[in-house]
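Residue numbers (my numbering): 27 to 543. Even glycine gets a Cβ: it sits at the ideal position worked out from N, Cα and C.
Rendered as structure tokens:
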């Protein structure tokens, strides 16, 4: 157990003059048992892609430390900071899965039990979570998991590093001690968020922080591409949250939410954490929340028709020009088998195209059977039924030469998700008269040009690059590109929220209900 010592700590900056200092107990770390773990999933409730136990990438103990200690994940920052504590650190599990359908109940129960078992044998816990996980039977999977942990160990100090696309609930807040979120999108500050969560929990353990966290929900669904942290309107909210911290608030985070989760609590939220002073936290959260509401119209993305976007790309003289298929990107739960953008590009006569990966295990198997150098006519994509789509995806019949057959394994080297292992399974490169197409068994968002280079494909030699991405491709790909064109075809990662059938979302909410939100 903890060693204990008397403390006469001074109030943190931001403690109101009306709140009396109190005696607190310091927990020394010479025998601190610290559990550090990851359970990460962003759930698209409209996605047809299942999320089973076998769909998680899972590591334990020293294997997990070796995988993530120097990675671009929050777990890296959690471990880096925790290693300064002279604590006994265990890593019961590091589990992550690509965004997809709600986590299967069996997988959720197994993963939750591992964390509950760890809670029984630790004095504090640091977690790398997302904040928008839905499990079968639980709209807030992480909130339910934290509730179970606290039922096993009431009052256990828990620090969580969260994604700024989390749909944060009161259940989550009630069962977690400190919970900062990312400040950047694309998310380049994940390790720093982990370090911040660990530092805040350290202050709690030392008796220097007695956190009071207030959740302020704003009834709006910001378009994700309008949440880029480098530009308004999101940069305005980030600056406002930083101003609250400059006034003495330990933490203030704006969570734009993940709008593709049909849950009661999906929305933009502001979390403000104060030292003992609930009124201070409430006022700060409301100020930032009111500012978000005043900017709501700026968070609506005008969607350009697909044919218009492709036509605009064709007019750009320099290359390569990126056509980002936003509605089918797997980091928002897309199936990665829509051929709509490719079909439109070929229809308009674009040439010199590098495209993919398209996830189609059956097509890969056919090309493997045919062998390198074979000419094949094959139906690619459009094979996964998505009930949420009003218009189902369709395969495209292509004739070409099988140029490459290889395993799609690499580690991300770019500035985002650095060090993340990628496994696309078996892959095939099909060369057609106007396009070189990468087809894979697995899914990955375009984070790093390595996804092409490992197959001998140099992106800068092509006129157009059609890839599956929303914004996470920007740090790695934009330095290579002459232009980036957002394309909106069919897909369950759509930005057209009006096209989806909502059953659980709390209404009214902007922009679905503009008149009475």
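Contact check, residue i vs residue j, beta carbons under 8 angstroms
i, j, result
"residue 345", "residue 279", "no"
"residue 153", "residue 114", "no"
"residue 453", "residue 335", "no"
"residue 289", "residue 530", "yes"
"residue 4", "residue 144", "Residue 4 is absent from the model: the chain starts at 27 and stops at 543."
"residue 146", "residue 240", "no"
"residue 341", "residue 310", "no"
"residue 13", "residue 125", "Outside the shown range of the chain, which is 27 to 543, sits residue 13, and nothing can be said about it."
"residue 230", "residue 266", "no"
"residue 465", "residue 430", "no"
"residue 427", "residue 401", "yes"
"residue 498", "residue 473", "yes"
"residue 506", "residue 485", "yes"
"residue 107", "residue 209", "no"
"residue 130", "residue 83", "no"
"residue 460", "residue 386", "no"
"residue 519", "residue 353", "yes"
"residue 98", "residue 212", "no"
"residue 490", "residue 262", "no"
"residue 442", "residue 214", "yes"
Buried/exposed call for residue i, threshold 16 Cβ in 10 Å
i, result
"residue 66", "buried"
"residue 534", "exposed"
"residue 203", "buried"
"residue 496", "buried"
"residue 391", "exposed"
"residue 291", "buried"
"residue 373", "exposed"
"residue 64", "buried"
"residue 504", "exposed"
"residue 418", "exposed"
"residue 282", "buried"
"residue 243", "buried"
"residue 425", "exposed"
"residue 122", "buried"
"residue 235", "buried"
"residue 524", "exposed"
"residue 228", "buried"
"residue 55", "For residue 55, the predicted structure reports a pLDDT of 48, less than 50, and the residue's modelled location is therefore unreliable. A value from the coordinates is still provided. The residue in question, residue 55, is buried, as its Cβ has 16 or more Cβ neighbours within 10 Å."
"residue 96", "exposed"
"residue 100", "buried"
Whole-Å CB distance - residue i paired with residue j, under 8 angstroms assumed
i, j, result
"residue 516", "residue 415", "6 angstroms"
"residue 471", "residue 494", "6 angstroms"
"residue 276", "residue 299", "5 angstroms"
"residue 322", "residue 246", "5 angstroms"
"residue 544", "residue 361", "Summary: the structure shown does not reach residue 544, with the chain confined to residues 27 through 543, and so no result is reported for it."
Where residue i falls: helix, strand or coil (DSSP)
i, result
"residue 504", "helix"
"residue 486", "helix"
"residue 380", "strand"
"residue 525", "helix"
"residue 177", "helix"
"residue 134", "helix"
"residue 514", "coil"
"residue 435", "strand"
"residue 218", "helix"
"residue 475", "coil"
"residue 207", "strand"
"residue 122", "strand"
"residue 162", "coil"
"residue 387", "helix"
"residue 429", "strand"
"residue 330", "coil"
"residue 470", "coil"
"residue 252", "helix"
"residue 224", "helix"
"residue 51", "Residue confidence for residue 51 is low, a pLDDT of 37 falling below 50, so the modelled location carries little weight and cannot support an answer."
"residue 148", "coil"
"residue 102", "helix"
"residue 75", "coil"
"residue 202", "coil"
"residue 422", "strand"
"residue 261", "helix"
"residue 538", "coil"
"residue 290", "coil"
Residue i beta carbon near the ligand PLP (any heavy atom closer than 7 angstroms)
i, result
"residue 429", "This structure lacks the ligand PLP; in fact it carries no ligand of any kind."
Contact with chain C by residue i, beta-carbon distance below 8 angstroms
i, result
"residue 138", "The structure shown contains no chain C; it holds only a single protein chain."
>> Across the segment 480–488 and the segment 404–413, are there enough close Cβ pairs to call them in contact, namely three or more that are closer than 8 angstroms?
In response: No, the segment 480–488 is not in contact with the segment 404–413.
> For the segment 187–200 against the segment 165–179, are there 3 or more C-beta pairs whose distance is under 8 angstroms?
Replying inline: As far as the Cβ criterion goes, the segment 187–200 touches the segment 165–179, which means the pair count is three or higher.
>> Three Cβ pairs or more, each shorter than 8 angstroms: is that satisfied between the segment 241–259 and the segment 132–141?
In response: Contact fails: fewer than three Cβ-Cβ distances are below 8 angstroms.
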